[in-house]
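Student:
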Amino acid sequence: MDLTIGIVGFGARASLRHEAHRPGEGSRITAVCDLSEPARAAASAEYPDALVTDSLDELLASGIDAVMVLTPDDTHARIAIAALEAGVAVFCEKPLAIDLADADAVLETARRTGSRLYVGHNMRHMPVVVLMRRLILEGRIGEVKAVWCRHFVGNGGDYYFKDWHADRRRTTGLLLQKGAHDLDVIHWLAGAYADRVSAMGSLSVYGGIEDRRDRSGERMPDWFSLDNWPPASLTGLNPVVDVEDVSMVNLHLSNGVLASYQQCHFAPDYWRNYTVIGTEGRIENFGDTAGSTVGLWNRRHQGAAAPDESFVVPEVADAGHEGADALLVAEFLRFVRAGGLTETSPVAAREAVAAGILATESLRGDGGALAVPALADDLVAYFERGQVEADAFAGASATAV
């Protein structure tokens, strides 16, 4: 029997619905909730047999097995908590929340209710990241000691400065909204979470553009164009623009690894570059899409040198984010149906939120290092067991033996 899925938020990230709607193959969308009348009209046209409503309560009462929260960032925690309280499994798009207390409340609610929680950190399924992690786990560079990430956000002006993303009341900042992906990947590749962060950043370009307008009723594809260049020539920015467009973060991880993350929203190109340095070599990606390469250096060289080995990033099924979206939703649906461990992690999602929020606080202060508050050990253990209480986990383990 198909799992019944509800969609909350029929905007840009609702593209994930295409991976969730597989009637007769395990899952189908039976309900959609959005406050926008045009969005509801579009949903009704696409899913004529589904409940389409502006009421979250009505959607949650419709008998769905799971809900996908694909709304703006500042609403994630509230909606996720309501769904968990209703006993519905939750897919929450990243970031988990824009406030650390809210992020912790989501995890605590999931444990208290026993409702399953999954967070959409799709980059854990991106082929380039999977390849780099495999090389690390195989010991090809020894013990990881440093991770650097440079993120050139070439579409930053179109993606993040013409709508609600530019308003820190809705996002906290782009070190959280956009950086949550990379902070999670840094943690994953390094094998630990940040316990101290410091940052600097500024609103260097987009703050000087005076052409602003309310884009209510519009969606990002309505204004996106590669012809919007150079960055200072953009028009129609959000009425409120108070998030940084260039930021740099230093992180100390709990296992002693040092990491850095740089993010620029007015670069001409759009990709991520990761460098991971270990005790016996380093790896670095050149491009982050299928056909790109990951170089590995594990011998000494005089000056710049070609990699000692190169690995091609594989091509996967044609879907969003290099196939990661399809793998992400498939894992979520499997988790809803059968439980078990997943590549993504609510704890890791919370730690990405924590690092992003504290880094933003640092850069808006004096740039000093700030401690990242730790989660309670028992809460971490609950999620590390696959969202099963200790007594149930012990019983299941004994049965398996």
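Residues in the sequence shown are numbered consecutively from -10, following my numbering.
Here a beta-carbon is modelled for each residue, glycine too, at the ideal position from N, C-alpha and C.
(1) Should residue 8 go down as buried or exposed, given a rule of 16 or more other Cβ atoms within 10 Å for buried?
(2) Output the distance between the C-alpha atoms of residue 334 and residue 323, rounded to the nearest integer angstrom.
(3) Helix, strand or coil for residue 390? Go by DSSP, reduced to three states.
(4) Taking C-beta to C-beta, are residue 273 and residue 162 nearer than 8 Å?
(5) Residues in its own chain within less than 7 Å of residue 265 by CB, not counting five upstream and five downstream?
(6) Would you say residue 0 and residue 28 are within 8 Å of each other, going by their C-beta atoms?
(7) Within 10 Å of its beta-carbon, does residue 187 have 16 or more other beta-carbons around it, so buried, or fewer, so exposed?
(8) Under 8 Å, do residue -5 and residue 22 count as touching if we go by C-beta distance?
(9) What residues in its chain sit with their C-beta under 8 Å from that of residue 44, if we drop five residues either side in the sequence?
(10) Pick from 286, 269, 263, 145: whose alpha carbon is nearest that of residue 275?
(11) For residue 365, which residues in the same chain have their Cβ closer than 6 Å to its Cβ, ignoring the five residues on either side in sequence?
(12) Where does residue 250 sit, in a helix, a strand or coil, going by DSSP?
(13) Where does residue 62 land, buried or exposed, given buried means 16+ other C-beta within 10 angstroms?
(14) Could you check where the beta strand (DSSP E) with residue 17 kicks off and where it finishes?
(15) Identify, in the order they occur along the chain, each residue of the same chain with its Cβ nearer than 7 Å to the Cβ of residue 361, setting aside the five sequence neighbours on each side.
(16) Compare the C-alpha of residue 55 against each of 292, 102, 355, 326 and name the closest.
(17) DSSP puts residue 260 in a beta bridge; with which residues?
(18) Do residue 209 and residue 156 have their beta-carbon atoms positioned less than 8 Å apart in this structure?
(19) Between the Cα of residue 237 and the Cα atoms of 41, 171, 70, 332, which residue gives the shortest distance?
(20) Helix or strand or just coil, what does DSSP make of residue 41?
(21) Within 8 Å, do at least three Cβ pairs link the region 86 to 101 to the region 288 to 304?
(22) Helix, strand or coil for residue 115, going by three-state DSSP, please let me know.
(23) List the residues that DSSP assigns as beta-bridge partners of residue 300.
(24) Please classify residue 125: does DSSP put it in a helix, a strand, or coil?
(25) Can you give me the C-alpha to C-alpha distance between residue 106 and residue 223, rounded to a whole angstrom?
Tutor: Taking the structure as given:
(1) Within the sequence shown, the letter at position 19 stands for residue 8. Buried: at least 16 other Cβ atoms inside 10 Å.
(2) For the purposes of this step, residue 334 is identified with residue 345 of the sequence shown, where counting begins at 1. For the purposes of this step, residue 323 is identified with residue 334 of the sequence shown, where counting begins at 1. Going by the C-alpha atoms only, they are around 15 Å apart.
(3) Within the sequence shown, numbered from 1, the residue matching residue 390 stands at position 401. Any reading at residue 390 must be qualified, since the residue scores a pLDDT of 46, below 50, and its modelled position is unreliable; no value is offered.
(4) For this step, residue 273 is matched to residue 284 along the sequence shown. For this step, residue 162 is matched to residue 173 along the sequence shown. Going by C-beta atoms, residue 273 is not nearer than 8 Å to residue 162.
(5) What you label residue 265 is simply residue 276 of the sequence shown in a count that begins at 1. So the list reads 121, 125, 130, 133, 136, 178, 271, 272, once near-sequence residues are dropped.
(6) Residue numbering aside, residue 0 sits at position 11 when the sequence shown is read from its first letter. Residue numbering aside, residue 28 sits at position 39 when the sequence shown is read from its first letter. Result yes, Cβ atoms of residue 0 and residue 28 sit closer than 8 Å.
(7) One-based indexing of the sequence shown puts residue 187 at position 198. So residue 187 counts as buried.
(8) Taking the first residue of the sequence shown as 1, we reach residue -5 at position 6. Taking the first residue of the sequence shown as 1, we reach residue 22 at position 33. Yes, they are a contact pair.
(9) Against the sequence shown, residue 44 aligns to sequence position 55. Excluding residues within five positions, the ones whose Cβ falls inside 8 Å are 22.
(10) Residue mapping note: residue 275 aligns to position 286 of the sequence shown, counting from 1. Here the closest residue by C-alpha is 263.
(11) Along the sequence shown, read from residue 1 onward, the residue named residue 365 stands at position 376. Nothing listed; no residue qualifies.
(12) Position 261 of the sequence shown holds residue 250. Note: residue 250 maps to strand in three-state DSSP.
(13) For the purposes of this step, residue 62 is identified with residue 73 of the sequence shown, where counting begins at 1. Counting Cβ neighbours within 10 Å, residue 62 comes out buried, since at least 16 surround it.
(14) Locating residue 17 in the sequence shown gives position 28, counting from the first residue. Counting along the chain, the beta strand (DSSP E) containing residue 17 begins and ends at 16 to 22.
(15) The sequence position of residue 361 within the sequence shown is 372, counting from 1. The residues are 183, 184, 185, 186, 343, 344, 347.
(16) The residue labelled residue 55 in the question sits at position 66 within the sequence shown. The shortest C-alpha separation from residue 55 is found at 326.
(17) Translated into positions along the sequence shown, residue 260 becomes position 271. Residue 260 pairs with 141.
(18) Walking along the sequence shown from the start, residue 156 turns up at place 167. Walking along the sequence shown from the start, residue 209 turns up at place 220. In this structure, residue 209 does not lie closer than 8 Å to residue 156 by Cβ.
(19) For the purposes of this step, residue 237 is taken as residue 248 along the sequence shown, with counting starting at 1. Of 41, 171, 70, 332, the residue nearest in Cα terms is 171.
(20) On the sequence shown, position 52 is the one that residue 41 refers to. Three-state result, residue 41: strand.
(21) no
(22) Walking along the sequence shown from the start, residue 115 turns up at place 126. Coil.
(23) As a first step, residue 300 must be located in the sequence shown, where it is residue number 311. Residue 300 is bridged to 283.
(24) For the purposes of this step, residue 125 is taken as the residue at position 136 of the sequence shown. DSSP places residue 125 in helix when its eight states are reduced to three.
(25) Position 117 of the sequence shown, counted from the start, is the residue given in the question as residue 106. Position 234 of the sequence shown, counted from the start, is the residue given in the question as residue 223. Using only the alpha carbons, I get a separation of about 39 Å.
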